[in-house]
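For the sequence shown, the working numbering begins at 437 and goes up steadily by one. For each residue, glycine too, the CB sits at the ideal point set by N, CA and C. What you are looking at is a predicted structure, and each value in this text was computed from that prediction instead of being measured.
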Amino acid sequence: MVYNIDDALADVEVNGGGVFKTLTAAKFPFLEEAGLSVNHVRLEANAMHSPSYTVDGTFQAFYVASGAGRVQVVGIGGKRALDTRIQAGQLLVVPRFFVVAQIADSEGMEFVSILPTTSPTIEEFASKKSVWNALSPMVSQIALSVTPEYEEFFRSNMQKTTILIPPTN
437 MVYNIDDALA DVEVNGGGVF KTLTAAKFPF LEEAGLSVNH VRLEANAMHS
487 PSYTVDGTFQ AFYVASGAGR VQVVGIGGKR ALDTRIQAGQ LLVVPRFFVV
537 AQIADSEGME FVSILPTTSP TIEEFASKKS VWNALSPMVS QIALSVTPEY
587 EEFFRSNMQK TTILIPPTN
């Protein structure tokens, strides 16, 4: 019942951003019996884990294994539920349908996310896999209340990112 997630191949690896790994029953059959799945994220200095949420309505429990950073959680209705610094040894629980994003401090940050489902479905808000890409430019422009030029800028920048975003400087 032991699995070394450090030895697992990365699902996403971004130079300057970090490493994202998903562990499900396909790699570790015991997770099926437990009804769980696990994400392991290692963010490099000042990198960001893109805003995301669970589509299937499960909560997420995050444990910070090393380093420190900021976490922001936004609830239903767009109200910020949490904006705080987190560090190694702390546990964070994100409720169902809430959006969460993490930004590592200058030392980087490593955390594990445990989900009470064997088939996690996580949607990213600001990446090439974002739901925004399915919307027409006009709908995005109206929803964001921005000019057509800014909407194009917003959309083009999303195409350049994944769930892990390296610092811009």
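For residue 531, the closest of 524, 519 and 512 by C-alpha to C-alpha distance is 512. In terms of CA proximity to residue 540, 522 leads the group 533, 552, 522 and 527. In the DSSP assignment, residue 467 falls within the unbroken alpha helix (DSSP H) covering 466-470.
When secondary structure is reduced to three states using DSSP, residue 487 falls in the strand class. Residue 474 is not a Cβ neighbour of residue 456, given a cutoff of 8 Å. For residue 438, there is no enclosing beta strand (DSSP E), as DSSP marks it with neither H nor E.
Cβ contact annotation for residue 495 (same chain, cutoff 8 Å, sequence separation greater than five): 529, 530, 531, 532, 551 and 552, in chain order. In the structure shown, residue 523 adopts extended strand secondary structure according to DSSP, grouped into three states.
Around the Cβ of residue 584, a 10 Å sphere holds fewer than 16 other Cβ atoms; the residue is exposed.
Sequence-distant Cβ neighbours of residue 543 in its own chain, meaning closer than 7 Å and more than five residues away, are 481, 503 and 504.
Rounded to whole angstroms, residue 439 and residue 471 show a C-alpha spacing of 16 Å. Burial is judged here by how many other beta carbons sit within 10 angstroms of a residue's own beta carbon; residue 572 has fewer than 16 and is exposed. As computed with DSSP, residue 574 is found in no beta bridge at all.
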